[in-house]
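Numbering that gives the first Met the number 0 applies: residue 0 is where the sequence shown begins, and numbers increase by one. Where is the CB? At the ideal position from N, CA and C, for every residue including glycine. Please read these numbers as outputs of a predicted model, since none were measured by experiment.
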Amino acid sequence: MTFADVPAVCRVGQRAFPDAWIASDYEGELGQPTSRSWVLVAEGDIVAYLVASRVMDELQILHIAVDPRAQRRGLGRRFLAGVLGEQRRDGMALATLEVRASNVPAIGLYASAGFVQVGRRKGYYRNNGEDALLMNLEPTSGSEGA
(Lines of atoms letter the chains of each structure in order from A; the text may use other names.)
(Lines give C-alpha, C1' and ligand atoms only; values in the text may rest on other atoms or scores of the structure.)
Protein backbone atom coordinates (compact mmCIF):
# COMPACT_ATOMS: atom_id res chain seq x y z
CA MET A 0 0.00 0.00 0.00
CA THR A 1 1.17 3.49 -0.80
CA PHE A 2 -0.20 6.90 0.11
CA ALA A 3 -1.71 7.05 -3.39
CA ASP A 4 -3.74 3.90 -2.57
CA VAL A 5 -5.40 5.43 0.51
CA PRO A 6 -8.54 6.85 -1.19
CA ALA A 7 -9.34 3.49 -2.83
CA VAL A 8 -8.54 1.63 0.39
CA CYS A 9 -10.92 3.95 2.27
CA ARG A 10 -13.70 3.14 -0.19
CA VAL A 11 -13.16 -0.60 0.32
CA GLY A 12 -13.15 -0.12 4.10
CA GLN A 13 -16.33 1.97 4.05
CA ARG A 14 -18.14 -0.66 2.01
CA ALA A 15 -16.91 -3.46 4.29
CA PHE A 16 -17.27 -1.96 7.79
CA PRO A 17 -19.73 0.31 9.62
CA ASP A 18 -16.85 1.82 11.61
CA ALA A 19 -14.19 1.93 8.91
CA TRP A 20 -10.86 3.63 9.34
CA ILE A 21 -10.49 7.10 7.84
CA ALA A 22 -7.70 8.27 5.54
CA SER A 23 -5.56 9.63 8.38
CA ASP A 24 -5.62 6.21 10.09
CA TYR A 25 -4.08 4.54 7.04
CA GLU A 26 -1.68 7.42 6.46
CA GLY A 27 -0.55 7.22 10.09
CA GLU A 28 0.17 3.52 9.73
CA LEU A 29 2.09 4.06 6.50
CA GLY A 30 4.37 6.44 8.40
CA GLN A 31 5.27 3.91 11.11
CA PRO A 32 8.55 1.99 10.81
CA THR A 33 6.90 -1.23 12.03
CA SER A 34 3.91 -0.94 9.71
CA ARG A 35 3.38 -3.39 6.87
CA SER A 36 0.52 -3.06 4.41
CA TRP A 37 -0.64 -4.71 1.22
CA VAL A 38 -3.36 -4.21 -1.37
CA LEU A 39 -4.93 -6.73 -3.71
CA VAL A 40 -5.72 -5.43 -7.19
CA ALA A 41 -8.19 -7.20 -9.46
CA GLU A 42 -9.17 -5.90 -12.87
CA GLY A 43 -7.37 -2.63 -12.14
CA ASP A 44 -9.14 -1.89 -8.85
CA ILE A 45 -8.10 -2.34 -5.24
CA VAL A 46 -10.46 -5.00 -3.89
CA ALA A 47 -8.74 -5.87 -0.60
CA TYR A 48 -6.15 -4.59 1.81
CA LEU A 49 -4.31 -5.69 4.92
CA VAL A 50 -2.56 -3.47 7.45
CA ALA A 51 -0.29 -5.00 10.09
CA SER A 52 2.45 -4.17 12.53
CA ARG A 53 5.62 -6.25 12.44
CA VAL A 54 7.82 -6.19 15.53
CA MET A 55 10.74 -8.60 15.41
CA ASP A 56 9.22 -12.00 14.56
CA GLU A 57 5.59 -11.13 15.38
CA LEU A 58 2.95 -9.81 13.00
CA GLN A 59 -0.16 -8.17 14.42
CA ILE A 60 -2.88 -7.84 11.82
CA LEU A 61 -4.58 -4.53 12.52
CA HIS A 62 -7.07 -4.30 9.68
CA ILE A 63 -8.07 -6.46 6.75
CA ALA A 64 -10.96 -6.01 4.36
CA VAL A 65 -12.26 -7.38 1.11
CA ASP A 66 -14.70 -5.25 -0.86
CA PRO A 67 -18.14 -6.85 -0.35
CA ARG A 68 -18.58 -6.84 -4.14
CA ALA A 69 -15.51 -9.14 -4.39
CA GLN A 70 -16.28 -11.42 -1.46
CA ARG A 71 -17.14 -15.13 -1.63
CA ARG A 72 -14.69 -15.74 -4.48
CA GLY A 73 -11.70 -16.95 -2.46
CA LEU A 74 -9.82 -13.67 -2.94
CA GLY A 75 -9.54 -12.98 0.79
CA ARG A 76 -8.30 -16.50 1.50
CA ARG A 77 -5.62 -16.33 -1.21
CA PHE A 78 -4.64 -12.77 -0.26
CA LEU A 79 -4.24 -13.65 3.43
CA ALA A 80 -2.33 -16.84 2.57
CA GLY A 81 0.02 -14.86 0.34
CA VAL A 82 0.73 -12.24 3.00
CA LEU A 83 1.28 -14.88 5.69
CA GLY A 84 3.52 -16.92 3.38
CA GLU A 85 5.64 -13.87 2.62
CA GLN A 86 5.92 -13.02 6.30
CA ARG A 87 6.86 -16.62 7.21
CA ARG A 88 9.66 -16.53 4.65
CA ASP A 89 10.78 -13.30 6.30
CA GLY A 90 11.00 -15.00 9.73
CA MET A 91 7.53 -14.46 11.22
CA ALA A 92 7.03 -16.77 14.20
CA LEU A 93 3.60 -15.58 15.37
CA ALA A 94 0.66 -13.71 13.84
CA THR A 95 -2.12 -12.24 15.97
CA LEU A 96 -5.41 -10.47 15.32
CA GLU A 97 -8.68 -9.40 16.89
CA VAL A 98 -12.05 -9.98 15.25
CA ARG A 99 -15.63 -9.12 16.18
CA ALA A 100 -17.30 -12.11 17.82
CA SER A 101 -20.22 -11.72 15.40
CA ASN A 102 -18.07 -11.67 12.25
CA VAL A 103 -18.56 -15.33 11.41
CA PRO A 104 -17.24 -15.10 7.82
CA ALA A 105 -13.98 -13.49 9.00
CA ILE A 106 -13.58 -16.01 11.83
CA GLY A 107 -13.99 -18.79 9.25
CA LEU A 108 -11.40 -17.16 6.98
CA TYR A 109 -8.89 -16.89 9.83
CA ALA A 110 -9.56 -20.45 11.01
CA SER A 111 -8.99 -21.73 7.46
CA ALA A 112 -5.59 -19.99 7.53
CA GLY A 113 -4.71 -21.79 10.79
CA PHE A 114 -5.62 -19.12 13.35
CA VAL A 115 -7.04 -20.36 16.65
CA GLN A 116 -8.96 -18.43 19.29
CA VAL A 117 -6.79 -17.76 22.33
CA GLY A 118 -8.92 -15.26 24.24
CA ARG A 119 -11.73 -12.72 24.30
CA ARG A 120 -11.81 -8.99 25.05
CA LYS A 121 -15.17 -8.15 26.59
CA GLY A 122 -16.83 -5.00 25.26
CA TYR A 123 -13.83 -4.17 23.06
CA TYR A 124 -15.60 -2.40 20.19
CA ARG A 125 -16.60 1.12 21.15
CA ASN A 126 -19.41 1.57 18.67
CA ASN A 127 -21.55 -1.23 20.14
CA GLY A 128 -19.66 -2.84 23.04
CA GLU A 129 -19.19 -6.09 21.16
CA ASP A 130 -16.53 -8.56 22.28
CA ALA A 131 -13.36 -9.16 20.27
CA LEU A 132 -12.00 -12.65 19.81
CA LEU A 133 -8.21 -12.88 20.03
CA MET A 134 -6.72 -15.27 17.50
CA ASN A 135 -3.16 -16.48 16.98
CA LEU A 136 -1.36 -18.27 14.21
CA GLU A 137 1.60 -20.31 15.35
CA PRO A 138 4.46 -20.97 12.92
CA THR A 139 3.46 -24.57 12.27
CA SER A 140 -0.19 -23.65 11.58
CA GLY A 141 -1.91 -22.74 8.37
CA SER A 142 -0.89 -23.04 4.77
CA GLU A 143 2.82 -23.71 4.71
CA GLY A 144 4.67 -21.95 1.97
CA ALA A 145 1.56 -20.07 0.85
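Glutamate 97 in three-state terms, based on DSSP: Correct three-state label for glutamate 97: strand.
Alanine 41 versus alanine 80 - alpha carbon distance: 16 Å
Residue of Arg53, Leu133, Met0, Glu26 minimising C-alpha distance to aspartate 89: Arg53
Short Cβ contact (7 Å threshold) for valine 11 with aspartate 66: yes
Cβ shell of glutamate 28 (< 6 Å), same chain only, five flanking positions each side left out: Ser34, Val50
Beta-bridge pairing of tryptophan 37 - partner residues as DSSP gives them: Leu49
Spatial neighbours of lysine 121 in its chain, beta-carbon cut-off 7 Å, leaving aside the 5 residues before and after: Asp130
Cut-off 6 Å between Cβ atoms - residues of its own chain near alanine 19, not counting five sequence neighbours on either side: Gly12, Gln13.
Expected contact under 8 Å - CB spacing of leucine 56 and leucine 93 to nearest Å: Strictly speaking, residue 56 in this sequence is aspartate, with leucine absent from that position. That belief holds up - the Cβ atoms of aspartate 56 and leucine 93 are roughly 7 Å apart, short of 8 Å.
Contacts around aspartate 4, its chain only, beta-carbon distance under 7 Å, and the 5 residues preceding and following it disregarded: Val38, Ile45
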